[in-house]
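Some notes on the structure that comes next.
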Amino acid sequence: MDDLKLLAVTKHQLKQLLKITETFSKDINTTFGTDKCKINSIVKGRQTKQEDYSLEGNTDHIEAMGKTDDYKYLGYRQKIGIEYTNIKDELKQKYRQRLITILKTELTARNKAKAINTYAIPILTYSFGIVKWSGTDLEALNTLTRSQCYKHGIHHIHSATERFTLNRKEGEGDS
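Here my numbering runs 677 ahead of the position in the sequence shown, where the first position is 1.
Printed below as a string of structure tokens:
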């Protein structure tokens, strides 16, 4: 079982949810991986002290999260909420690294475009349902891509920016 987040209004409800999850895990013959589990209690937007939870019939227990602890959910680090600016910065850096790695290869321009679409861009597309990207953020990424392509000789600096994202057949011009 991966990336399961249990939310409850009271501590009693949380313990009930944990018991149900533990029972379900036993029923389908899976282990309840307590090594990655944490309990976090948030009251009125602030993290409060929570005691550890011991599983029934086991010596395993789930630790409470500290004030400085964070956790990974759906691949992104979180504390009380998602820290969008940090995640955006990490994603932009990974995208830039992959983009430059592709552009430094000896591939043809067509294959570099395919490699960018299959290796670099999926880093960003996975985040679109989770991280809030503004129009200016996306435009900055587009500008980064165009400038790096120009720098590596794939795209001319004076070419129309609209043609950059068009299919080859659509972007050929009037001739």
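Every residue, glycine too, gets a C-beta built ideally from N, C-alpha and C. Computed from a predicted structure; not experimentally measured.
Between the C-alpha atoms of residue i and residue j, what's the straight-line distance to the nearest angstrom?
| i | j | result |
| --- | --- | --- |
| residue 708 | residue 786 | 48 Å |
| residue 629 | residue 681 | In the structure displayed, the chain extends from 678 to 852; residue 629 sits before or after that span and is not available. |
| residue 794 | residue 754 | 25 Å |
| residue 701 | residue 816 | 46 Å |
| residue 851 | residue 832 | Only weak support exists for where residue 851 lies, its pLDDT of 45 falling under 50; the value from the coordinates is given anyway. Between residue 851 and residue 832, the C-alpha separation is close to 19 Å. |
| residue 739 | residue 813 | 42 Å |
| residue 745 | residue 720 | 17 Å |
Using a Cβ-Cβ cutoff of less than 7 Å, which residues in the same chain neighbour residue i once the five nearest sequence positions on both sides are dropped?
| i | result |
| --- | --- |
| residue 691 | 683, 685 |
By the three-class DSSP mapping on this structure, what secondary structure does residue i have?
| i | result |
| --- | --- |
| residue 827 | helix |
| residue 685 | coil |
| residue 702 | helix |
| residue 760 | coil |
| residue 765 | helix |
| residue 834 | coil |
| residue 807 | coil |
| residue 783 | coil |
| residue 740 | strand |
Are the beta-carbon atoms of residue i and residue j separated by less than 9 Å?
| i | j | result |
| --- | --- | --- |
| residue 777 | residue 742 | no |
| residue 792 | residue 782 | yes |
| residue 718 | residue 688 | yes |
Excluding the five sequence neighbours on either side, which residues of its own chain have a C-beta within less than 8 Å of the C-beta of residue i, listed in chain order?
| i | result |
| --- | --- |
| residue 779 | 789, 792, 793, 796, 797 |
| residue 808 | 753, 759, 761, 764, 765, 768 |
| residue 784 | 792 |
(request) Could you say if the region 694-706 and the region 717-726 meet the contact criterion of at least three C-beta pairs nearer than 8 Å? (result) As far as the Cβ criterion goes, the region 694-706 does not touch the region 717-726, which means the pair count is below three.
(message) Under 8 Å: do the region 795-811 and the region 765-773 share three or more Cβ pairs, one atom per stretch?
(response) yes
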